[in-house]
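Everything in the sequence shown is counted per the numbering used here, starting at 364 for the first residue and increasing by one.
The beta carbon of each residue, even a glycine, is placed where N, CA and C say it ideally should be.
This one's a predicted model, so the numbers in the text were calculated from it and none came from an experiment.
Notes for the one structure printed next.
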Amino acid sequence: MTYAATLLFTLLALTPTTVFGQLAFYVSPEGNDGNEGTEVAPFRTVRRAQQAVQTVQNARQNIVVQIDAGSYLLEEPLRFGPEDGGSANHQVTYRGSDKGKVVIHSGRKVSGWQESDEVDVYQAKVVDAAFRQLYVNGRRAVRARYPNEGEFLESTAWDYEDQELLIQGQHPVLNEAGPDLEMLLLQSWAESYLRVREVHSYGLSFQKYSRVSFAENESKILFNRPYPMHEPIHRLYFENARSLLDTEREWYHDPANGALYYQPGEEGSMNQASVMCPTLDTLLIVQGTRENPVMNLRFENLSFQYSNWTYASEHGYLNAQAGQHNYRAEPNNDQYVYRPPAAVYVAYAERVAFARNEFRNLGATGIDLHYGTRHCTVVGNRFSDIAGSAVALAKFTEAPSVEYHMPYQPADTTEICYGDTITNNLIERVARDYVGCVGIAAGYPQGAQITHNTIRDLPYSGISVGYGWTDQPNAMANNLIAYNDISNVVKLLNDGAAIYTLSYQPGTRIYRNYLHDLSPPQKPWQSIKYAIYCDEKTGGSAEHPFVIEENAIDNIADQLNLHQTGIILLKHALHRTSQHVGPQVVKQAGIEPGYQDILSPPASIGRAEE
364 MTYAATLLFT LLALTPTTVF GQLAFYVSPE GNDGNEGTEV APFRTVRRAQ QAVQTVQNAR
424 QNIVVQIDAG SYLLEEPLRF GPEDGGSANH QVTYRGSDKG KVVIHSGRKV SGWQESDEVD
484 VYQAKVVDAA FRQLYVNGRR AVRARYPNEG EFLESTAWDY EDQELLIQGQ HPVLNEAGPD
544 LEMLLLQSWA ESYLRVREVH SYGLSFQKYS RVSFAENESK ILFNRPYPMH EPIHRLYFEN
604 ARSLLDTERE WYHDPANGAL YYQPGEEGSM NQASVMCPTL DTLLIVQGTR ENPVMNLRFE
664 NLSFQYSNWT YASEHGYLNA QAGQHNYRAE PNNDQYVYRP PAAVYVAYAE RVAFARNEFR
724 NLGATGIDLH YGTRHCTVVG NRFSDIAGSA VALAKFTEAP SVEYHMPYQP ADTTEICYGD
784 TITNNLIERV ARDYVGCVGI AAGYPQGAQI THNTIRDLPY SGISVGYGWT DQPNAMANNL
844 IAYNDISNVV KLLNDGAAIY TLSYQPGTRI YRNYLHDLSP PQKPWQSIKY AIYCDEKTGG
904 SAEHPFVIEE NAIDNIADQL NLHQTGIILL KHALHRTSQH VGPQVVKQAG IEPGYQDILS
964 PPASIGRAEE
């Protein structure tokens, strides 16, 4: 009997367990995919459980796949289509154990560490791999950089003729850096990872400077686009060279020979350390079709970790705004953008829910509800230590080929993300690499409910809704941003806010959010940060205005910026926490009592190999 025939026979012979009136299958790291999927004879993989679920869908009973604590390494993304979901009458749930973490990941374990020729630096071989993050004992390590973490160099001028950036000082260490050197440039609300072509030192003893040129792809975009603005002074640093590895917890991977270098911190010897590098851009894909969306599917109590994304290493990365990055830009401000990938990706789905999961140590976006989602829910999740945005919602452009100022108004309205809910989530320490990303980044959603989230410790904005800088009718309308607790954001960039909006969106309401503790500007490049920033063309209609009502603020110097806006109704828009409704807002905002356990530190860091 062939393997396919054996598998078919096994599937047909399955008798799922019935627990409290619902069908149940079980998965365990100690299981076997040849088992029956019962509690005493569980499957080994989630993929095998999917196959079993498909055989019993006609029963129209709720189905639960119970996944035991442990590590589930993926060699390819898990894919869920319409056949894997429920129906109008039943739900399918994939639920992690409450007795320990269920880690869904693509981490590759690094072993075989040896001391290198340099004191305090260890070396291991990682061949046939490309990655931009490394995790040691469950914590993000620092890509070797100059100057070291927390410090920056500054630019002094732009040379448009030679397409070079002038920076202060002469930096001999950069001359030894090699071909993989990159520069991170911070420009107002956005950042650019630029592959460095050459660094030249110039100047007399009293006026020293360096010229930096870049790979052709990103150099053309950088010098073409007028926005973000080309101010003389921008902060920057260099990274990704062996010569820059000079302090604890820094690492460098040489793709030419596969050598990985790391200088330990508190780990000491690397013999007992857990070191992981990511491999897959996406871990989980839930995708239906316009005619047949995925329905009534739920993922609960899972930990998604160690996703990858190496686009910047191959093409550079120039953020246009909110993480949408340029692949083309013209001097007249025509710009074209790509969308980053996500660890969890959803499209054409209805009533799909993600509840009480962890999204951590990820290489781009955490979860993306891209298009065609209806009444989907992201509730009670913890997002932390993510390279890009925690949550992305709805399209930002019709397609990459459409210029990004054009309003998104699809003829096929099933594409629009409608009635989705993002609520009671903890979002902290995200946008770790792509610092112009935000906590919740929404393009053109309709009827979205963004409520009761706690968002803190971000380099740029907390919540961003809208795109296109347009006053033309578009897909966006009737969004609610309410009862969120947002603090300590816009810590690195500027021209941002706790809540930032763009474009015509009639009926949208910003209501009873608690916005607080935005540090005051220290230098010219930290000049603009607001509690609420309604940027170009934000507004509604006379019948359905854009409303800002009864929000509370504390420890924020600049409160409200209405920049070239349309019709906005201010109804007691902002109050100090001690005034009017302020105390009530503070009490009501943020994560509700039923989910406040996620505010406490997790019991363990959940290393994938444990």
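Residue i by DSSP, collapsed to three states: which one?
i    : result
G969 : Confidence is the limiting factor: at G969 the pLDDT is only 45, short of 50, which leaves the residue's position unreliable and the question unanswerable from this model.
K464 : coil
L643 : coil
I954 : coil
V575 : strand
I961 : helix
G945 : helix
E611 : coil
Y457 : strand
V638 : strand
E778 : helix
K892 : strand
Y877 : strand
T418 : helix
R605 : helix
P589 : coil
M633 : helix
D447 : helix
A860 : strand
Here's the rule: buried if 16 or more other CB atoms are within 10 angstroms of the residue's CB, otherwise exposed. What is residue i?
i    : result
I596 : exposed
H688 : buried
N452 : exposed
T381 : exposed
Y565 : exposed
L756 : buried
I906 : Looking at the sequence shown, residue 906 is not Ile but Glu. Exposed, by the Cβ-count rule.
Q413 : buried
E554 : buried
D775 : exposed
Q668 : buried
G631 : exposed
Q635 : exposed
S963 : exposed
L608 : buried
N682 : buried
E514 : exposed
S764 : exposed
Please return the same chain residues whose Cβ sits closer than 6 Å to the Cβ of residue i, not counting the five positions on each side in sequence.
i    : result
L843 : Q812 and R872
S391 : P405 and D431
T312 : Coverage of the chain is limited to positions 364 through 973, which leaves residue 312 absent and any answer about it impossible.
G532 : K571
E955 : N787 and H815
E512 : V505
A540 : A604 and S606
K854 : P822
Excluding the 5 residues preceding and the 5 following residue i in the sequence, name in chain order all residues of the same chain whose CB lies nearer than 8 Å to its CB.
i    : result
M592 : Q550 and S551
T940 : Y877, H879, A915, I916, D917, P946, V948 and V949
E761 : M769, Y771 and P773
H938 : E913, N914, A915, I916, V944, G945 and V948
Give me, in chain order, the residues of the same chain whose beta-carbon lies closer than 7 Å to that of residue i; leave out the 5 immediate sequence neighbours on both sides.
i    : result
G449 : V455, M658, N659 and L660
R442 : I648
V489 : V473, H616, G621, L623 and C640
F586 : Y523 and Q526
Of the residues the options, which one's Cα is nearest the Cα of residue i?
i    : options                   : result
H879 : D858, V852, Y867 and C897 : V852
F601 : I648, T777, A507 and K583 : A507
G782 : L821, F759 and A716       : A716
L856 : D848, C800, H907 and V707 : C800
P836 : Q809, S850, T817 and D858 : Q809
V709 : R719, D731 and Q635       : D731
V536 : G463, V562 and S518       : V562
V427 : Y590, A636 and E402       : E402
R745 : R719, L933 and P763       : R719
C897 : I919, A920, A860 and P908 : A860
F909 : Y893, V828, H938 and P542 : V828
With three or more beta-carbon pairs closer than 8 Å as the criterion, would you say the region 573-588 touches the region 477-490? no
Between the region 689-699 and the region 635-650, do three or more beta carbon pairs fall short of 8 Å? no
Check whether the region 521-529 and the region 662-680 touch, using three or more Cβ-Cβ pairs below 8 Å as the test. no
Closer than 8 Å is the cut-off here; do at least three beta carbon pairs connect the region 626-638 with the region 411-420? no
How about the region 952-962 and the region 924-933: do they share at least three Cβ pairs that are nearer than 8 Å? no
Kindly confirm or deny that the region 936-950 and the region 833-841 touch, where touching means at least three C-beta pairs closer than 8 Å. no
Would you check if the region 767-774 and the region 711-729 touch, i.e. whether three or more CB-CB distances between them fall below 8 Å? no
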